[in-house]
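Sequential numbering from 5 applies to the sequence shown in the working numbering.
Cβ atoms here follow ideal geometry from the backbone N, Cα and C, with glycine treated the same way.
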Amino acid sequence: QEHKMPASDGLAERLENEANAFRSIQKELQNHVSNRQKLLSQQNENDLVSKELALLDDDAEVYKLVGPALLLQDVAEAKSNVAKRLEWIGSEIKRCDNFIKEQEKKSEEKKSKIMELQQTMQAAQQKSLAAH
5 QEHKMPASDG LAERLENEAN AFRSIQKELQ NHVSNRQKLL SQQNENDLVS
55 KELALLDDDA EVYKLVGPAL LLQDVAEAKS NVAKRLEWIG SEIKRCDNFI
105 KEQEKKSEEK KSKIMELQQT MQAAQQKSLA AH
């Protein structure tokens, strides 16, 4: 005869829900860490372009790749576009950092909740075994 405590059934379900939520948070966190790495790569690339453009005279010829074609672009316009891109990338990195911090906090909270539920379940199981 198998005897299950209703309380531990509810605990198992809650534990499963918390574990699923934790996995979901971890997956989202990983995606944002990956996005942040891509943004850092783009930032480095654009920093190099910005430094190269700074070395040019104002009357230099700068070409921009648009689809399959290279189009002549004004040096000042190119510098402005790269500066705006760097500004945008910087704000995206900050946004990513904030999201990552938030997700790490949520992840730690879920981890604590899971450990708490596991301990409660173990105590309930031990009580159940002691009762037999």
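Lysine 68 is positioned such that its CB atom lies no closer than 8 Å to that of alanine 87.
Under the 8 Å Cβ criterion, the segment 92–103 does not count as touching the segment 71–78, having fewer than three qualifying pairs.
Under DSSP, the beta-bridge partners assigned to alanine 73 are Val70. Contact check for serine 111 against glutamine 30 passes: the beta carbons are separated by less than 8 Å. Residue environment for asparagine 50: buried (at least 16 other C-beta atoms within 10 angstroms of its C-beta). Apart from the 5 residues on each side of it in sequence, alanine 25 sits with its Cβ closer than 8 Å to the Cβ of Lys114 in its chain, given in chain order. Distance check between alanine 23 and each of Asn35, Pro72, Met119 and Asp62 places Met119 closest, using alpha-carbon atoms only. In this structure aspartate 62 touches alanine 80 by the C-beta definition: roughly 7 Å separates them, less than 8 Å. In terms of Cα proximity to glutamate 17, the closest of Ala134, Ser45, Thr124 and Leu133 is Thr124.
The Cβ neighbour count for leucine 60, taken over all protein chains shown within 10 Å, is under 16; the residue is labelled exposed.
Around cysteine 100, the same chain offers His36, Asn39, Arg40 and Leu43 as residues with beta carbons nearer than 7 Å, after the five sequence neighbours per side are excluded.
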